[in-house]
Each structure stands twice: as structure tokens, then as C-alpha cells.
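Please read the structure below before turning to the comments.
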Amino acid sequence: MGYPMAVNLVKGLGSSKSFLTVNVNQEALNEFQDEVKGFGKVSVVQNVYEATKAAYIVITILPTVTAVEAVYLDPNTGILAGAIAATTYSSPTNKLLIECGTIETAIIKKLAEAVEEASLKMSNTLSFVDAPVSSSPMGAIAGSLTFIVGVHQAKSAKVFPQVEALLKHMGKSIF
1 MGYPMAVNLV
11 KGLGSSKSFL
21 TVNVNQEALN
31 EFQDEVKGFG
41 KVSVVQNVYE
51 ATKAAYIVIT
61 ILPTVTAVEA
71 VYLDPNTGIL
81 AGAIAATTYS
91 SPTNKLLIEC
101 GTIETAIIKK
111 LAEAVEEASL
121 KMSNTLSFVD
131 APVSSSPMGA
141 IAGSLTFIVG
151 VHQAKSAKVF
161 PQVEALLKHM
171 GKSIF
């Protein structure tokens, strides 16, 4: 479902925003670039580490706990490593990290804690958002997904409106 979600997001954001993508499937990546040509700047990066260093917002939709842990927590190529590295480069240091997969609660809590711990150690703000998606591939294509958003209570007043505005490009119901 990530492919049609990304297409809708690029089309919804328009040409004023840049979109970075990472995909291990080169054929899907080529097809994606062709499909969104003319809607905005799309750049391909090698891994989530590079994407996170450069981006303000990182959205993932990963299928398994193993994938989520590797993508977020790998010390060399992971999202948290990229966020930490951004503090030493002229990169955006305030970051919004959104996971849209329907993943076990225990791993979501682990990620939220790891992100909060990293944020406290750095001179930037990292916000982790759990936004599992509910629907079907047809809903993803139509942009009619449902998202159930969870964010740290202390950050919710600031973060939820940003997340909601972003997710509305991919879904109709955001709670």
C-alpha cells in the first residue's frame, strides 16, 4: 500500500515540496518516478539514514517488526542515526517521524521511547507518531485510507495538526 500512498502524497504536496524516496525495488522506483513526474521534485536516496538527514518529515509503512526495528534503530543506516547525524550537518534538525504500518504495540512503544531519548540528548526536536493505516490497496489508490494517530501527549497540540494535514493527502479519516 505504500506505493499508492506515496503517489497521492507527492501529488497532494505539489511542486513546492521536495520528496525523498528509498525503495529496494528498482523497477517500482522507476515506475513511481514516471507516475509522479511533473507533480513535484522527487529524489532517490540510498537509505533511510540519508533521507532522515535531509528531511523534516519521514514516513514509513513497514510490514514487520523486524523491518521496523532495522529501519529505525540500525546504528549505521537507521532513521535515528540519520536524525542524530543531522545535528552535525546543515540539515533540518526538527523532525517528524511517522510509522504507518500496523505493528505490534510493544515495538511502537520501544520506538517512541528511543526517539524521545535521542531527542533529549540532542539539540533538536524529534517527534515520533504512530499512525497505523486501515483499509485496502484500493483505499490507498483512491486516497481514502483511515489513519489512527498516536503521539506523545505533550507534543500532540503542535504535532497532530501537521500530521493530519499530511495524512489527508492519503486518507479521508484521520483520528
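In full-length UniProt numbering, the protein residues as written are 1 to 175.
A virtual CB, placed ideally from N, CA and C, is assigned to each residue, including glycine.
Notebook entry, point to check: On the premise that lysine 95 lies in contact with alanine 85, defined as a C-beta separation below 8 Å, what is that separation, rounded to the nearest angstrom?
Noted result: Mapped onto the sequence shown, residue 85 falls at position 85. Mapped onto the sequence shown, residue 95 falls at position 95. So it is not a contact: roughly 11 Å between Cβ atoms.
Check: Beta carbon of tyrosine 3, beta carbon of phenylalanine 32: below 9 Å?
Finding: On the sequence shown, residue 3 is found 3 positions in, with the first residue counted as 1. On the sequence shown, residue 32 is found 32 positions in, with the first residue counted as 1. Cβ atoms of tyrosine 3 and phenylalanine 32: closer than 9 Å.
Notebook entry, point to check: Exposed or buried, leucine 9, counting other C-beta atoms within 10 Å across all chains shown (16 or more means buried)?
Noted result: In the sequence shown, counting from the first residue as 1, residue 9 sits at position 9. Classification for leucine 9: buried.
Check: Pick from Cys100, Glu117, Ala118, Ala154: whose alpha carbon is nearest that of methionine 170?
Finding: By 1-based counting over the sequence shown, the position of residue 170 is 170. Of the listed residues, the one whose Cα sits closest to methionine 170 is Cys100.
Next item on the list: Name the residue from Pro137, Ser127, Phe147, Ala55 whose alpha carbon lies nearest to the alpha carbon of alanine 154.
Entry: Sequence index remark: in the sequence shown, residue 154 carries index 154 (1-based). Minimum Cα distance to alanine 154 is reached at Ser127.
Margin query: Rounded to the nearest angstrom, what separates leucine 80 and valine 68 at their Cα positions?
Written below: For the purposes of this step, residue 80 is identified with residue 80 of the sequence shown, where counting begins at 1. For the purposes of this step, residue 68 is identified with residue 68 of the sequence shown, where counting begins at 1. Looking at the two C-alpha atoms, the distance is approximately 12 Å.
Notebook entry, point to check: If we ignore side chains and look at the alpha-carbon of each, how far apart do glutamate 113 and valine 151 end up?
Noted result: In the sequence shown, residue 113 corresponds to position 113, counting from 1. In the sequence shown, residue 151 corresponds to position 151, counting from 1. Taking the straight line joining both Cα atoms gives about 12 Å.
Next item on the list: Could you check the C-alpha separation between lysine 158 and valine 115 for me, to the nearest Å?
Entry: Working through the sequence shown from its first residue, we reach residue 158 at position 158. Working through the sequence shown from its first residue, we reach residue 115 at position 115. In a straight line, the C-alpha of lysine 158 is about 17 Å away from that of valine 115.
Next item on the list: Spatial neighbours of phenylalanine 160 within its chain, please: CB distance less than 7 Å, with the 5 preceding and 5 following residues excluded, ordered by chain position.
Entry: Indexing the sequence shown from 1 puts residue 160 at position 160. Excluding positions up to five away in sequence, the list reads Val149, Val151.
Next item on the list: Would you mind giving the Cβ-Cβ distance between alanine 61 and methionine 1, rounded to the nearest angstrom? I have them listed as a contact below 8 Å.
Entry: Residue mapping note: residue 61 aligns to position 61 of the sequence shown, counting from 1. Residue mapping note: residue 1 aligns to position 1 of the sequence shown, counting from 1. Note on identity: in this sequence residue 61 is isoleucine, with alanine being the wrong assignment. Between methionine 1 and isoleucine 61 the Cβ distance is about 7 Å, and since that is below 8 Å, they are a contact.
Checklist line | Same chain, Cβ closer than 8 Å to serine 16, neighbours up to 5 away in sequence not counted | finding: Stepping through the sequence shown from its first residue, residue 16 is reached at position 16. Closer than 8 Å at the Cβ level, and outside the excluded window around serine 16, lie Gly40.
Notebook entry, point to check: Using the rule of at least 16 other Cβ atoms within 10 Å of the residue's Cβ for burial, across every protein chain shown, is aspartate 130 buried or exposed?
Noted result: By 1-based counting over the sequence shown, the position of residue 130 is 130. Looking at its Cβ environment, which holds 16 or more other Cβ atoms inside 10 Å, aspartate 130 is buried.
Notebook entry, point to check: What does serine 134 pair with, by DSSP beta-bridge criteria?
Noted result: Residue 134 sits at position 134 when you count from the first residue of the sequence shown. For serine 134, which the question treats as bridged, DSSP gives the partners Thr146.
Margin query: DSSP three-state label for isoleucine 84, please.
Written below: To locate residue 84, count along the sequence shown from 1; it is residue 84. In the three-state reduction of the DSSP assignment, isoleucine 84 falls in the helix class, which pools H, G and I.
Next item on the list: Indicate the three-state DSSP secondary structure (helix, strand or coil) for isoleucine 19 in the structure shown.
Entry: Position 19 of the sequence shown, counted from the start, is the residue given in the question as residue 19. Inspection of the sequence shows that residue 19 is occupied by phenylalanine rather than by isoleucine. In the structure shown, phenylalanine 19 sits in a strand (DSSP, three-state: E or B).
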